[in-house]
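In the numbering used here, the protein residues as written are -12 to 164.
Right, here's the structure in full:
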C-alpha cells in the first residue's frame, strides 16, 4: 500500500520569524480526508565538540517553553541558504568561543515528525582552537567542559533532556571510528 498522503489545500495561519503555522487538508492512503496542523521551521545544526584534552563542551541555557535551564550541545538555526556545516562551525564559535579545524557530518535528526518539517543536521567537531565567544544579543548561556564519563552520567541520570543533543550523542557513539 502506498503510504503517502495527498495534499488538497493549505492555509497559512501564522507567519513568524523562525516558524510558520499551516493547516493542510489531505486525503489519506485509505481514502479518508483529514487535516494536518504543520509548523514550517528553518533547518538547524547541532555539534558535539571534543577538546584536545578529551573533554566535551556543553552549554547551560534557559529555554522559555519549559521554564527550565537545559543542558545542550552548541546548536543554532541556519541562515537563509546557509550550508548546515557552515552553521555548525559558526554556532560552535559564536556560542563557545572555539573554532573547529575538523568537522564531521554525523546525520540528520527530525525532532518532531508529527507536526514540523524541521531538520537538524548533526556534526562532530575536533581539533579545536580557542577564539572568542560572541553571542547574539538575545542569547545568554554558560559553557563548560565535561569528561567522557561525566557526559555519559548526565545522559544516564536524565539530566540531558534536549532531543537534538541526545541524537547527536547517539550518532557520535555509533559512528564508525
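Cβ coordinates follow ideal geometry from the N, Cα and C atoms, glycine included.
As the structure is a prediction and not an experimental result, all values here were calculated from the model.
Shown here, residue 140 sits in a helix according to DSSP, grouped into three states. Closest in alpha carbon position to residue 126, among 13, 64 and 69, is 64. In this structure, the CA atom of residue 79 is about 29 Å from the CA atom of residue 8.
With respect to the 8 Å criterion, residue 138 and residue 110 are not classified as neighbours on the basis of their beta carbons.
The distance from the Cβ of residue 31 to that of residue 62 is about 6 Å, consistent with a contact at the 8 Å cut-off.
The continuous stretches of alpha helix (DSSP H) do not include residue 85, which lies in the beta strand (DSSP E) extending over residues 85 to 96.
Just so you know, the alpha carbons of residue 66 and residue 27 end up roughly 15 Å apart. Going by beta carbons, residue 38 and residue 44 fall inside the 8 Å limit. Here residue 149 is near residue 59, since their CB atoms are less than 8 Å apart.
Comparing C-alpha distances from residue 91 to each of -9, 151, 11 and 36 shows the shortest one belongs to 36. Looking at the backbone, the Cα of residue 116 and that of residue 84 are separated by about 9 Å. Excluding residues up to 5 positions away in sequence, 42 lie with their Cβ nearer than 6 Å to the Cβ of residue 134 in the same chain. For the 8 Å CB-CB criterion, residue 101 and residue 34 do not form a contact. Look at residue 119 here: in three-state DSSP terms it is coil, with no helix or strand label. Annotation: the continuous beta strand (DSSP E) that includes residue 8 extends over 6 to 14. At a Cβ-Cβ threshold of 8 Å, residue 15 and residue 21 count as neighbours.
The C-alpha of residue 55 lies about 30 Å from the C-alpha of residue 23.
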